[in-house]
Structure formats: structure tokens, C-alpha cells
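Presented below is the structure to which this report refers.
Protein chains in written order, with my numbering: chain A, 1 to 88; chain B, 89 to 743.
Put into C-alpha cells, the structure is as follows:
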């Protein structure tokens, strides 16, 4: 059958390791979700706030957007670091 | 012959050649559908970006930003945020369970034909909805590049892609996506460099066109017609009568209550349409703007009419997008840094164009009208999604889109399939990070490309999708050729990836899964290729029908459908033990049908697809996600609880 060669997994892929990675993933996800929800809330319900220009003459809407893009990468790197292969 | 066409052809032929070459290496079914699981993680990561940065990102987002400012950037933010869900929540468990397609992953726990059927159909629907904007984008590109009408472009890209997919498979699409992803980011960076180097430049429309078509003017009554007149002009009727021998037409039928003023020339009978920027019925001070209007008669005859069109101008639309003033009063800034660019733009004023469809009897008028906006306004949300008006449904529409974008990425069939092309979870993780880095960087570039196009004076008022290529053209022909060629290969690559996913769904899930037809590997590939041709033809037809839609908005719909149909099933399968096969089947079917019906009944579809009055749309806002995603979750839970005793789940971790 087609499926048989596909179940290639990490060397350290024990259930405990998988559970640990899954936990990291969910915590980081929760953190990003908060940031994203904050952005949605501010944009929809506080247009006055996002219009302020606290830094370099650029408004909060643009800055928050750039932060969301930057944070996605930062959290992804943190995740990769947390999930790095470890000696058992 | 200009430089454009050779450069363009070179790109496309190179892509095709590579695809043919690599195609010879994919002999087995595993090679065809999942590149044999042996693609290097870095190549796969850039290919992620290549897959993801489709026509929607490049053409659509830049176009939305060019026309609506910040609101286009919301798509960038949402598209990228979706990767967080994919990486942190879905990627690893899925890879652990996975086979080839998304349906396999869902099915690996239950072995249910019902799941296979519903997921295969949802994969097909999402793929087709994602294919439409790619096709629309292709048609859009061909028009200014080679001079063919929209439908020729759609047919061309369809044919080329069918060739690619029918000859190759996942290996070649991966390398095509890798190449295209790298080139797209590289050339976009060059383009942004040129935008920043050029800086901001006040560009008032000049000459005859500037006098007439871009004219916004004020009328203050009463006023004297000239020094000889004894009686001052008291009414707007008199003003038009004396000045131009025009009669004001009554605002009847579809024009009633609309901010337009129509006048008719007594001699020629030509009708001019003005946008009423400020109504002066009470104050006696009017502000009117000339418009550009596409008129479609019942016979299908189409005409372009400009208010006060001078005889020297043809019946053609004039390019738009002008920076009227800079904060400092200067006419140009010279080279600026990225943050300074935003700051200076925020202090300027910009002439932006909106559009409105008016159906008057048997005649359709699409009116394009100018508005003066402050740069600060354009850098804030609210010009596309009316989040500032305070209307409840407008805010919901916005929140709904952001939710769908957030949830949609992980639910897209052609993104998920890429998790199977690398060898293990660590490689899938690294791929995703490379993907996020390049996609995130690209999305920051889209902000500058969009804003640069907004003030380039080169925009096509009828088609937001052309903003980025036209901006490139305002710099140089060769850049235009390169950018268009990359955008075209982008379309080619994305479409082939999607068609592989769709044909995988047909062959693997529908035929061998649901119908239990036994096939050898060889036959499977052959049937998959036949399926590709059929899906390709469907996409061509739909691509022609949806010409007018902004491609990022169309992709937003695909995200909504994907998120509603697939995400609840995926999440609950991974994180809730009580999930049953009936629950999954019901949730996928329900989520797909409700979100699909919703978008087809929305105001956006009414205006841009059917050409009907958007006010008659049956649903209160266009984006279904905020309703259909939670409902799909609810359906899954309820059906699972009802059917709990009937199904005995096997262990989730098969290995």
C-alpha cells in the first residue's frame, strides 16, 4: 500500500517528548492569540486608540501590525529552540 | 518588440522546462503526491512561502492597500497569524498521524467512508475557491502585458498548469515554488528599495486630463455668471444651464438618494455624472467631483465615459493614485527610510478612488469617483471594512474575516500537503519557520508596495489587482516585465499545487477511499492526471466569471470555507477524545455548506459577481467565519455526543 513508507518520525519521538512539544506549542499559541485578539479588539472597538502616533510618527495600527508579524517569527524561533533535540 | 515579452516568456519557459525535467523523476505514486517525503527542509520552507504567497498576497493585498490603505495590510497580518496556528497547534500531531492528504489524517482514526467523502468534497471546494483568484490574477496580468483580454490570460494559465501537473507532480511543484518564492521576495525587496529611494512626490494630475477628469470643484451660489450679467445665478440648474447648456436630470429610480448629479447636454445629449461630495441644497455651497464611469447596456455593449471628456481623450479610463500635498509643503522628500516614509505619508493628502454600482433599468453604471483623503486616514483601518462607522454588522464583518484568516491557513489542503514532503517532524518544524520568516518579511514589503502604488499615479481605477505590476512599470519596463513574470509564475505554481491537492482528493479519497476502486500506482497517477485536467477546466471557467473581484478578497472566502469546514474537525480530533466519525462528517459538511452558501449570498458577490444591487444581499455581512466556525464546532460536539456509544475510536497515536 501507499501508506507504509510514510510514518517516518523523529528519533526522540516518544509520547512524553510529543506531549512536551505539544504543551509548548499550546502555550505559545495562547500568547499569540492574546496579542491577536487585542489587535482585533482595538481595531474594531477603539479606532481612536490605534490612530495615536507614539513612535517615529507612525500610528499604533501600523506598529501593532508590524509587531504581530515580528512576534510570529520570534515565537516560532522560541518554539524551535524549546523543541531542539536533547540527549536522553 | 519591447523587452517585456521576451523576459516574460523566458521565465515561463524556464519554469515549464524545470517542471518537465523534474517530472521524469517522479515515477511512483508517493513521488507524485508527496515528493517521496525527501525534500530538504529549507527548500520546503521557501516552497511554503512560494505556495502561500499566491496571486492573492502579491496582487491582491498590494491592490487593496493601494486603494483602501491600511485595510489591505489586515490581510497580511491575518494570513501570517494563521501560520502560528499551523505551527503550534496542528503541524506535529498531524504529521504524526498523516498519510498524504488531509482526509487521510482525519480518517486515520476512524476508517470511515463518510469522513473520506465529506473531507474530499471540502478539499475540492476549497481548492476551487482558491483556484479562482489565481486564475483571475493570471487574466489580470496578461491584459497589460501582452494586450490580450482577460479570458485569454485565464485560458493560457489554465493550459500551462494542466501541462505542468499532467507531466509532473509534487516534486516539480515544490521546486517551482521554491524558485518562485525566492524570486518573489528578492524582486519585491528591490521594488521597495526603489520606492524608498524615490521617496514621496507630489503628483498633481496635469494637462487636459488633470483639468477635466480629476477635477474636484466647488460651486458657491448665488454668483454672477460674468461681469455683464445683471441677475446672479441662484440655483444649480441655472448654473449648469448658463455655463454649459446642460440640464440637470431628475434623481429618479436607482439614482434616488444616491450622491450623484447627472446633467444632459442639450445639443449632443451626452450625460455627465458628477459625484456630490458635499450637498449644497441648504448651504448653497456644493462640492462636486468628475467621475469615470463604465456603462453596460442591456445589449451587452460596454462604454467608458468620463465627465467632461475632452475630445482629445479616448473612451478609456485614466490612471489614478496621486499624492496631492506633503506635510512640509514641499513637492518631494527625496530618499527616505522605512519609518520616515510612513510618517511623511501620514502628513500628506491623497486622491483616492472609490466605486459604486448603480443599476438603472437595463443599464449598469459602475461609477469611479475621487475622494481627497488624508494620509493619516489611509494609514488607519476603516476604509474597506467600515470599522469606524460604529455599525454593528460592519465591525462583525471585520472580526469575522480576521478570525477566518487566523483559522484558515492550517485548514488549507495545499498547505497541509507540504507537511508530508519532508522527512520528519523536526524538518516540518524548520520548514515552517523558514516559511514564516520569508512570508512575514514579504508581508512587510507588501505594505510599502501598496502604499507606493497608492501615490504612483499609475493605478488602473477599475482593477485593484494590477497595482503592484503597474507600480513597477512606473519605475521601468524591465522591472515590470520581471515582476509580471514572477507574478505569473506565482499563479502557475500555486495553481499546480492546488490541482495536485485536488486531484489527490479525487483519486486517493473519493475513488480508492469512498468507492473502494482498486488501482495500481500506475493507474492512480493516470487517473490523478485526468482529474487535474478536469479541475483545471473548471478553474478556467470560474476565473473568467469572477474577473472583477479583488483576489485577496476571494482568497479570504477560500479561507473562510476552509476554516469553517476543516478546522473544527482537525482541532477536535487532535484535542477531544469524545470526537466521533459522525461528528466529523457532520461538522465538515455543515461548515462547508453554510460558509459556501453565505459567501455566495453576500453583498460582495452581489456587486462584483452577479452585477446585482449589493443592498439586496441576503446575508447581513460578507464574511461568514464568525458564525460558521463556531457553529461547525457546535455541530461536531452535538453530533459526537449523540453518536458516542456507536463508535469505538482506535488509539490516536498509531505508531
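The beta carbon of each residue, even a glycine, is placed where N, CA and C say it ideally should be. Being a predicted model, the structure only gives us computed values, none of them experimental.
Item: Who are the Cβ neighbours of residue 280 of chain B in its own chain at under 7 Å, not counting the five residues just before and after it?; Value: 533, 536, 537
Item: Would you please verify whether the beta carbon of residue 82 of chain A is less than 8 Å from any beta carbon of chain B?; Value: no
Item: Who are the neighbours of residue 47 of chain A on chain B, taking C-beta pairs under 8 Å?; Value: 468, 469, 470, 475, 476
Item: Once DSSP output is grouped into helix, strand and coil, what is the label at residue 306 of chain B?; Value: strand
Item: Which residue's Cα is closest to the Cα of residue 102 of chain B: B:731, B:573, B:370?; Value: B:573
Item: Listed in chain order, which residues of the region 511-528 of chain B have Cβ atoms closer than 8 Å to some Cβ of chain A?; Value: 511, 512, 513, 514, 517, 518, 520, 521, 524, 525, 528
Item: On the three-pair Cβ rule with 8 Å, is the region 44-57 of chain A touching the region 455-470 of chain B?; Value: yes
Item: Going by the DSSP bridge assignment, what does residue 609 of chain B pair with across the sheet?; Value: Answer is none; residue 609 of chain B lacks a bridge partner.
Item: Quick one: grab the DSSP three-state call for residue 368 of chain B.; Value: coil
Item: Can you tell me whether DSSP reads residue 332 of chain B as helix, strand or coil?; Value: helix
Item: What whole-angstrom Cβ distance do residue 676 of chain B and residue 210 of chain B have, given they're in contact under 8 Å?; Value: 5 Å
Item: Could you tell me which residues DSSP puts in a beta bridge with residue 413 of chain B?; Value: B:437
Item: How many Å lie between residue 402 of chain B and residue 393 of chain B at the Cα?; Value: 9 Å
Item: Opposite residue 55 of chain A in the DSSP bridges: which residues?; Value: A:58
Item: The alpha helix (DSSP H) that contains residue 222 of chain B, what's its start and end?; Value: 201-234
Item: Would you tell me roughly how many angstroms separate the C-alpha atoms of residue 709 of chain B and residue 483 of chain B, rounded to the nearest one?; Value: 9 Å
Item: If we count the other Cβ atoms within 10 Å of its Cβ and call it buried at 16 or more, is residue 54 of chain A buried or exposed?; Value: exposed
Item: Touch check for the region 689-701 of chain B and the region 220-237 of chain B: three-plus C-beta pairs under 8 Å?; Value: no
Item: List the residues of chain B that residue 56 of chain A touches, going by C-beta distances under 7 Å, in chain order.; Value: 427, 431
Item: Do you know offhand how far residue 265 of chain B's Cα is from residue 406 of chain B's?; Value: 36 Å
Item: Determine the chain B residues that contact residue 66 of chain A at a beta-carbon separation under 7 Å, and present them in chain order.; Value: 532
Item: Can you name, in chain order, every residue of its own chain whose Cβ lies under 6 Å from the Cβ of residue 745 of chain B, other than the five neighbours on each side?; Value: Residue coverage of chain B in this structure runs from 89 to 743, which leaves residue 745 of chain B outside it and unanswerable.
Item: Kindly identify the DSSP beta-bridge partner or partners of residue 458 of chain B.; Value: B:441
Item: Quick check on residue 481 of chain B - is its C-beta less than 8 Å from some C-beta in chain A?; Value: no
Item: With a threshold of 8 Å between beta carbons, is residue 172 of chain B in contact with chain A?; Value: yes
Item: Measuring CA to CA, which of B:396, B:342, B:262, B:652 is closest to residue 703 of chain B?; Value: B:342
Item: Have a look at residue 587 of chain B and residue 594 of chain B and give me their C-alpha separation to the nearest angstrom.; Value: 10 Å
Item: Less than 8 Å between the beta carbons of residue 129 of chain B and residue 518 of chain B, yes or no?; Value: yes
Item: Whole-angstrom Cβ separation of residue 571 of chain B and residue 275 of chain B, contact assumed at under 8 Å?; Value: 6 Å
Item: Considering only C-alpha positions, which residue in the set B:606, B:652, B:687 is nearest to residue 673 of chain B?; Value: B:652
Item: Can you list, in chain order, the stretches of the beta strand (DSSP E) that have 3 or more residues and sit fully within the region 21-48 of chain A?; Value: none
Item: Name the residue from B:510, B:612, B:164, B:214 whose alpha carbon lies nearest to the alpha carbon of residue 150 of chain B.; Value: B:164
Item: Are the CB atoms of residue 524 of chain B and residue 80 of chain A nearer to each other than 8 Å?; Value: no
Item: Below 8 Å, can you find three or more Cβ-Cβ pairs linking the region 541-554 of chain B to the region 154-172 of chain B?; Value: yes
Item: Which of the three DSSP states, helix, strand or coil, is assigned to residue 543 of chain B?; Value: coil
Item: Are the C-beta of residue 158 of chain B and some C-beta of chain A separated by less than 8 Å?; Value: yes
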